[in-house]
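The letter at position 272 of the sequence shown is residue 437 when you use my numbering, and the numbering goes up by one with no holes.
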Amino acid sequence: MKVIDALRINSGRLNGAIDAVAAINRQADGSCCRVALTDADCEGRRLVLRWLEDAGLDVSIDPIGNIFATRGGSDDAAPVMTGSHLDTVATGGRFDGALGVIGGLEVLRTLNDADIVTRRPITLAIFTNEEGVRFQPDMMGSLVFSGQFDLQQALDARAAGGGPSLAEELQRTGFNGTAPIGEPRPAAYVELHIEQGPILHRTGGVLGAVQSLQGISWQEITINGISNHAGTTPMSMRHDAAYCASRIAVFLRELTQRRDGQLATVGRINLSPNMINVIAREAKLTVDLRNTSNDELRAAEAELQQFLQDLERSERVTIASRRLARTDPVQFDQAIVATIEDTARRLGYPISRMTSGAGHDAQMVARIAPAAMIFVPSVEGISHNPREHTDPAHLEIGANMLLHTLVQLANA
Ligand SMILES: [Zn+2]
166 MKVIDALRIN SGRLNGAIDA VAAINRQADG SCCRVALTDA DCEGRRLVLR WLEDAGLDVS
226 IDPIGNIFAT RGGSDDAAPV MTGSHLDTVA TGGRFDGALG VIGGLEVLRT LNDADIVTRR
286 PITLAIFTNE EGVRFQPDMM GSLVFSGQFD LQQALDARAA GGGPSLAEEL QRTGFNGTAP
346 IGEPRPAAYV ELHIEQGPIL HRTGGVLGAV QSLQGISWQE ITINGISNHA GTTPMSMRHD
406 AAYCASRIAV FLRELTQRRD GQLATVGRIN LSPNMINVIA REAKLTVDLR NTSNDELRAA
466 EAELQQFLQD LERSERVTIA SRRLARTDPV QFDQAIVATI EDTARRLGYP ISRMTSGAGH
526 DAQMVARIAP AAMIFVPSVE GISHNPREHT DPAHLEIGAN MLLHTLVQLA NA
C-alpha cells in the first residue's frame, strides 16, 4: 500500500502528450480546431489510439465512435471508468476535454510503469462529439452510451450547413466500431476537467470536488408591439417592444438577487426595425436560466412566465415564448465526491466542493453509474478560446488526483 501511496504521474510525459494533440490543426491565433469527426479530430483520435495500443490496453470502439481502452484488473469485475472528449469548438483551447483523456492515459501509463495490478479493471473512455458544434445534440457520444439517446437518431444527424451525416463521417474515418453500446458498463466514473470558470483561480484554489451540475433552461421570447415615430408618439401611447425586452433583462437580474443560486442571462436581443428614431415593433430575446436545484429552476421559470403576462397587459403588447432546451440539474454521487476529497487529503492538497456551470460527459454517465468530477483551475476562467490556460503544476496535481482516486475506487 505504501508503494502505491508514493506513486506519481510523469508530468513531462503528460504535458508532451497534451502538446502533441494541441499541435494538430493549430490555428494562427493559437486555437485548437478539432471539430467532431473532421479530419483534424480524427488525427487526434488516431494519435491517442496509437498511444493506447502501445500501452497494451484492450481497445474497443462502439458504433457512435466512442473509444474505450481497458487495463485489466485481478478480478473479472466491472471497471472503474474515467474519460472525456477530444473534439473541440472551432476556437478551442488546449485543455478542455484533452486533459481528461490524456490525464487518464497518463494514469494508465503510470500504473504500467509501476507494475501495479488493481482489483477492478480501469477503463479510459473517449466520447464522440461532446461539443455539439457540427452535429447536435452535444454530449452525443455519452448520451448514446448511457442509453438516453437513440443510436440511429444520432447516426442520422446532419452536419450543420447541410453536410454529411454522422454515420457517413464515422464510416469515412473508420470510427464506426462494432462494440455493443453501453459496454463496458462502469462500476464508477470520475472525470478530470478544467473548471472553465473563474472560481478556483480567483479564490486561489487548487482542486474542486464537483458534486453537482447546473440544470439549464433556454427560451426565446418574442415581443410584438407597434412601430411608430420616436418624436410624434407620446410616451403614454407607445407599445414599445425594445422597452419590454429591457424590462425582462432587469427583471431577471433582480430575480437572481432574490433566488438562491439562480443565474440568468439575456444573451441576445434582436430589434426590428432596429433604427435610432423608430419605436421597435418586434423584439426577440433569449433567456438562459441555470440552477443546481430543479425546484428553484422551475420556480424561476414560473416567475418569468408571470412577469411576461403582467408585462403583456401593462404595455399592451403580445409576448410569446418558445422553449429551446431544458436539462435537469445533476447531483453527483456523494460517496465518490467523498473519495475525491479523501484522496486530496492524503496527497496534501486543499480541495473545495463545487458546482459545474458547464455540461460534461460525466453528467450523462451519472445516469448509469455513480459518478463525480475533479476540477483544476482555469486562469481567469477563460475557455473555448486560445487563451484558455491551466498552470502545469495544476495539471500535474489533477492527474495525480485522478490516479489515486481511480486506484482507490478500483481496489475498494
Ligand atoms: Zn469539455
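All C-beta atoms in this analysis are idealised placements derived from N, C-alpha and C, irrespective of residue type, glycine included. In this text, all values refer to a predicted model and were calculated from it rather than measured experimentally.
The Cβ atoms of GLU468 and CYS409 lie no closer than 8 angstroms to each other.
Scanning its chain for C-beta atoms nearer than 7 angstroms, with the 5 sequence neighbours on each side dropped, one finds around ALA407 the residues LEU436, ALA445 and ALA448, in chain order.
In the DSSP assignment, ASN435 falls outside any alpha helix (DSSP H) and lies within the beta strand (DSSP E) extending over 434–437. The C-beta separation of LEU450 from ARG433 comes to about 6 angstroms, placing the pair in contact by the 8 angstroms criterion.
The C-beta separation of ASN550 from ARG284 comes to about 41 angstroms, leaving the pair out of contact by the 8 angstroms criterion. Judged by pairs of C-beta atoms under 8 angstroms, the region 218–226 does not touch the region 517–536, as fewer than three such pairs exist. Taking non-hydrogen atoms of ligand 1 into account, the C-beta of GLU295 is found less than 7 angstroms away from one of them.
Cα atoms of ASN277 and ARG178: separation of roughly 14 angstroms, rounded to the nearest angstrom.
Per DSSP, the continuous beta strand (DSSP E) segment holding THR288 begins and ends at 287–292. Ranked by Cα distance from THR483, the options ALA205, ASN180, HIS404 and GLY268 are led by HIS404. DSSP places PHE314 in the coil class of the three-state scheme, outside both helix and strand. Counted as a single uninterrupted DSSP element, the beta strand (DSSP E) harbouring GLY380 occupies residues 380–389. In the assembly as shown, THR504 is a buried residue. Its beta-carbon has 16 or more other beta-carbons within 10 Å. Collapsing the DSSP output to three states places THR398 in coil. Proximity to ligand 1 was defined by a C-beta distance below 5 angstroms to any of its heavy atoms, and the residues meeting it, in sequence along the chain, are ASP261 and GLY262.
A contact between stretches requires three or more CB pairs, one per stretch, nearer than 8 angstroms, and the region 372–383 meets this requirement with the region 491–500. Annotation for MET304: no alpha helix (DSSP H) segment contains it, and DSSP assigns it neither H nor E. In this structure, DSSP gives THR508 a helical state, which the three-state scheme calls helix. For the pair of segments examined, the region 259–268 was found not to touch the region 309–327: the number of CB pairs separated by less than 8 angstroms stays below three. Per DSSP, the unbroken beta strand (DSSP E) holding ASN456 starts and ends at 447–456. Counting every other CB atom within 10 Å of its CB across the protein chains shown gives ALA193 a total below 16, marking it as exposed. Shown here, LEU222 sits in coil according to DSSP, grouped into three states, outside any helix or strand.
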